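A.B. asks:
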Amino acid sequence: MQIGPWKKPVRIWLGGTLGGAESVENTLRATGILVHRWPFVRGPEHARACDMCFDVLSGEADPEDARAAFVEAAAEASILVD
């Protein structure tokens, strides 16, 4: 399994008890957030980001493609900070 580091982190706002804005720096962390901590709204961009992250973790895709998909999913869920 690959961690899939990103060239530039993505900042998202999850709120709650974990302190709000968080910096996501790799595909492994993004996958954990997408699966376990994502807000209630899970639209088509969320599904695409999950698929892309799983592809990176299995060595079948480029980490920057997962980053781009994660950004789109965060924008769809209105949690993108940057």
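Residue numbers (our numbering): -5 to 76.
Note that CB positions come from ideal geometry on N, CA and C, so glycine has one too.
These numbers were taken from a predicted model, which means no experiment stands behind them.
List the residues that DSSP assigns as beta-bridge partners of E16.
C.D. replies: Translated into positions along the sequence shown, residue 16 becomes position 22. Beta-bridge pairing links E16 to I6.
A.B. asks: Return the first residue and the last residue of the alpha helix (DSSP H) that M46 is part of.
C.D. replies: Taking the first residue of the sequence shown as 1, we reach residue 46 at position 52. From DSSP, the alpha helix (DSSP H) with M46 extends over P38 to L51.
A.B. asks: Using the rule of at least 16 other Cβ atoms within 10 Å of the residue's Cβ for burial, across every protein chain shown, is P57 buried or exposed?
C.D. replies: Here residue 57 refers to the residue found at position 63 of the sequence shown. P57 should be labelled buried.
A.B. asks: For G9, count the other beta carbons within 10 Å of its own beta carbon; 16 or more makes it buried, fewer makes it exposed. Which is it?
C.D. replies: Mapped onto the sequence shown, residue 9 falls at position 15. Classification of G9: exposed, given that the 10 Å Cβ count is below 16.
A.B. asks: Short of 6 angstroms in beta carbon distance, which residues of its chain neighbour C44, apart from the five on each side in sequence? Order them along the chain.
C.D. replies: In the sequence shown, residue 44 corresponds to position 50, counting from 1. Cβ within range, chain order: L28.
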